[in-house]
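Presented below is the structure to which this report refers.
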Amino acid sequence: MKTFADKIAIVTGAASGIGLGLSTELSRRGARVIMADVNRDLVEEKARELSGSGGRTESAFLDVSDAKAVQDLVDSVAKNHGRIDYMFNNAGISITGDVKDMALADWRRVFDVNLWGVVHGIQAVYPLMIRQGHGHIVNTGSSSGLAPWPSVVPYTATKQAVVGLSTALRSEAETYGVKVSVVCPGFINTSIFSSMKYVNIDREKALKELPFWGMDPAKCARIILRGVEKNKAIIVVGWDAWLMWHNYRLFPAAYIWANRYIVKKVREQGVGR
Ligand code: NAI
Numbered sequence: 000m001k002t003f004a005d006k007i008a009i010v011t012g013a014a015s016g017i018g019l020g021l022s023t024e025l026s027r028r029g030a031r032v033i034m035a036d037v038n039r040d041l042v043e044e045k046a047r048e049l050s051g052s053g054g055r056t057e058s059a060f061l062d063v064s065d066a067k068a069v070q071d072l073v074d075s076v077a078k079n080h081g082r083i084d085y086m087f088n089n090a091g092i093s094i095t096g097d098v099k100d101m102a103l104a105d106w107r108r109v110f111d112v113n114l115w116g117v118v119h120g121i122q123a124v125y126p127l128m129i130r131q132g133h134g135h136i137v138n139t140g141s142s143s144g145l146a147p148w149p150s151v152v153p154y155t156a157t158k159q160a161v162v163g164l165s166t167a168l169r170s171e172a173e174t175y176g177v178k179v180s181v182v183c184p185g186f187i188n189t190s191i192f193s194s195m196k197y198v199n200i201d202r203e204k205a206l207k208e209l210p211f212w213g214m215d216p217a218k219c220a221r222i223i224l225r226g227v228e229k230n231k232a233i234i235v236v237g238w239d240a241w242l243m244w245h246n247y248r249l250f251p252a253a254y255i256w257a258n259r260y261i262v263k264k265v266r267e268q269g270v271g272r
């Protein structure tokens, strides 16, 4: 509980879902939380709500795909508070459909937010944390970063990259006293599914067929913070994520073979079918 008291934490994608859960839990535990999100109105509202219930939160408009904006935010937080203890590079988006129906712009948008957004966060905060001699970078990957998901191929590509860069950077960073963790949740009940783009897929049908076991984002945030306290390299959240990860590691060929059923199921949600 004390780990986060009086700590300075930036959370990206903080207006909703896992980022909001993290901001709520961090502020409950006494951290000063800078809640950053591209949804200006919503992040202001959520930060006000948390401040109103005793938290020390600030809101910031931020598009993580804009490297300069991320650097500016990190610089201003460091100037105002003297240091940054935690950087949660959490903002993310997805897109569902067959790659054959996607445009290059679809890939780019997902890469810009999910991969470059994380890289921008690291590039901005890592030199400062090295100077400080401490700090913890926590990147949100996904269970699709540990085992491939068809029908969200660009998303899977970014999340595998986030897992790779985080686990590789961890060994470099620890020599400077900086910690790096990657979070890999399974299915969490958030608005990512309603806000994502569906390409030639019937959105309503897809939303109706979401798995029933989605975890509450508040519980997800508590599991993440437990992993951060333990400085875990990979923080796996949810039994579904564990199952996917272990099945893929033990039986990769069978796992990939079984993925054809996901492809079939998602294609059944095709527009007009
Ligand atoms: P969400 O849609 O509830 O929240 C994402 C937040 O990110 C939103 O507030 C959105 O405005 C913000 N955002 C989007 N683009 C942004 C940008 N360019 N700059 C700044 N903020 C931006 O989604 P959720 O589920 O909370 O997602 C958070 C992270 O968790 C993402 O990285 C996602 O890929 C990851 N994740 C989610 C899972 C789930 O089942 N919900 C499973 C595995 C990973």
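Oh and the sequence shown: position 105 is 104 in numbering that gives the first Met the number 0, straight run, nothing missing.
For glycine and all other residues, C-beta sits at the position ideal for the given N, C-alpha and C.
Item, Value
"Residue 184: beta carbon under 7 Å from a heavy atom of the ligand NAI?", "yes"
"Whose C-beta lies closer than 8 Å to the C-beta of residue 24 among residues of the same chain, with five residues either side of it excluded?", "217, 220, 221 and 224"
"So does the stretch 199–211 actually touch the stretch 157–164, counting three or more Cβ pairs closer than 8 Å?", "no"
"Taking 8 Å as the cut-off, decide whether the C-beta atoms of residue 243 and residue 95 are in contact.", "no"
"So, is residue 148 buried or exposed, given that buried needs 16 or more other C-beta atoms within 10 angstroms?", "buried"
"Along the chain, where does the alpha helix (DSSP H) containing residue 126 start, and where does it finish?", "116–131"
"Residue range of the alpha helix (DSSP H) that residue 167 falls in?", "152–172"
"When the Cα atoms are used, what is the spatial distance from residue 215 to residue 239?", "14 Å"
"Please name the residue, chosen from 128, 260, 9 and 145, that lies closest to residue 249 on a Cα-to-Cα basis.", "145"
"Identify the continuous alpha helix (DSSP H) that holds residue 74 and give its terminal residues.", "66–80"
"Does the distance between the C-beta of residue 93 and the nearest non-hydrogen atom of the ligand NAI fall short of 7 Å?", "yes"
"Is the beta carbon of residue 28 sitting closer than 8 Å to the one on residue 60?", "no"
"State the DSSP-derived secondary structure class of residue 104, mapped to helix, strand or coil.", "helix"
"Are residue 117 and residue 92 touching if we call contact CB-CB under 8 Å?", "no"
"Quick one: is residue 78 buried, meaning 16 or more other Cβ sit within 10 Å of its Cβ, or exposed?", "exposed"
"Got a sec: does the ligand NAI put a non-hydrogen atom nearer than 7 Å to the Cβ of residue 153?", "no"
"Check whether the stretch 43–62 and the stretch 226–236 touch, using three or more Cβ-Cβ pairs below 8 Å as the test.", "no"
"Give the DSSP bridge partners of residue 88, in chain order.", "138"
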